[in-house]
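There are 2 protein chains.
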Amino acid sequence: MDTDTLSKTFSALADPTRRAILARLAQGAATVGELAEPFDMSLPAVSRHLRVLTDAGLIERQTEAQWRRCTLRAEGFRAAADWIDFYRRFWEARFDQLDAFLERTAPEPKKGRRDGRRR
Amino acid sequence: MDTDTLSKTFSALADPTRRAILARLAQGAATVGELAEPFDMSLPAVSRHLRVLTDAGLIERQTEAQWRRCTLRAEGFRAAADWIDFYRRFWEARFDQLDAFLERTAPEPKKGRRDGRRR
DNA sequence: CTCGTATTTAACGTACCAGTTAAATATGGA
DNA sequence: TCCATATTTAACTGGTACGTTAAATACGAG
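Protein sequences appear in the order of chains A and B. As numbered in UniProt numbering, residues 1 to 119 make up the first sequence, in order. As numbered in UniProt numbering, residues 1 to 119 make up the second sequence, in order.
Shown next, in the form of structure tokens:
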């Protein structure tokens, strides 16, 4: 099961409809109906996307009469952003530096020295 | 279908095994067998994870004899990092500022006129 | 050529995902 | 109370994801 936070977050972000919803919410809160409007998709489908986003902690929903006002929940993005940020140095490093780094740390898969593992 | 780049990337990152593989590759190149070793999972399963990562552009594989040397492919992370980075301001902004922003931009659920009031 | 090692492909099962329509629930208003 | 509106839940379906084992493929060594 995919219970860990990071998996849930990335999984939620993997769907284009959900990313579009988040982009829309970045411009301000909206109700389910408003969020559904631009999509060629049934309301229950959108409702489900919103549940996924809620479970992933990426949005919040507060009840106002029969409306659910959805808002972005910034905290929910943080862990994923931090995770991916770790890899930033790999593309921000100059290419030759990266090359040198890999050269330095990569083990040869040659036979004979099965005990000289990396690290 | 999930053909767009961002979806493919986030989808690839949504699996903990694949994230562990990437973390391992961050320390240097490795062969399939070496990557599979720490996991309680068959080799074909790992091979498949590597295919997903390759298709997402997150790793590269070069053939060396019967080995496949896997390396991190930094470019593959960039788009996802940039996407998520757009949301950074939402959690880096002070809370009252964010509130003010949402207050300013949130539309009312259609019910006559909207004049920027909420709650 | 044949054998052992490294890896992938094939075939299969189970579970989840994303969509549908129909029915249920909740609320405010006539 | 009854109705319209907003949204969710239920039940179902097709497609895809992820794991398995068994067989196929690719290569170097002897």
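The beta-carbon is built from N, C-alpha and C at its ideal position, and this holds for glycine as well. Note that the structure is predicted; figures quoted are calculated from it, not measured.
In summary, L43 of chain B is exposed, with fewer than 16 beta-carbon neighbours lying within 10 Å of its beta-carbon over all protein chains present. Interface annotation for the stretch 48-68 of chain A against chain B: E64, W67, criterion Cβ-Cβ distance under 8 Å. Annotation for T71 of chain B: the continuous beta strand (DSSP E) segment containing it runs 67-72. Taking 7 Å as the cut-off, the Cβ atoms of W83 of chain A and L6 of chain A count as close. A12 of chain A is positioned such that its CB atom lies closer than 7 Å to that of L58 of chain A.
For T3 of chain A, the secondary structure class from DSSP, reduced to helix, strand or coil, is coil.
The alpha carbon of A65 of chain A has as its nearest neighbour, out of A:A81, A:R88, A:V32, A:G76, the alpha carbon of A:V32. Counting along the chain, the unbroken alpha helix (DSSP H) around E75 of chain A starts and ends at 75-86. Residues of the same chain with a CB within less than 8 Å of the CB of H49 of chain A, apart from the 5 flanking positions on each side, are D15, T17, R18, I21 in chain order. Considering only B:A80, B:R89, B:Y87, the residue with the shortest C-alpha distance to F86 of chain A is B:A80.
Within the model, the alpha-carbon separation for E37 of chain B versus A30 of chain B is close to 11 Å.
R68 of chain A counts as buried, since no fewer than 16 other beta carbons sit within 10 angstroms of its beta carbon. Separation of Q62 of chain A and C70 of chain A (C-alpha to C-alpha, rounded to the nearest whole angstrom) is 7 Å. Runs of the beta strand (DSSP E) lying entirely within the stretch 5-72 of chain A, each at least 3 residues long, are 59-64, 67-72 in chain order.
A distance of 7 Å or more separates the beta carbons of K8 of chain B and A45 of chain B.
For I21 of chain A, not one C-beta of chain B is nearer than 7 Å to its own C-beta. Between F10 of chain B and F10 of chain A, the CB-CB gap stays under 7 Å. With 16 or more other Cβ atoms inside 10 Å of its own Cβ, R24 of chain B counts as buried.
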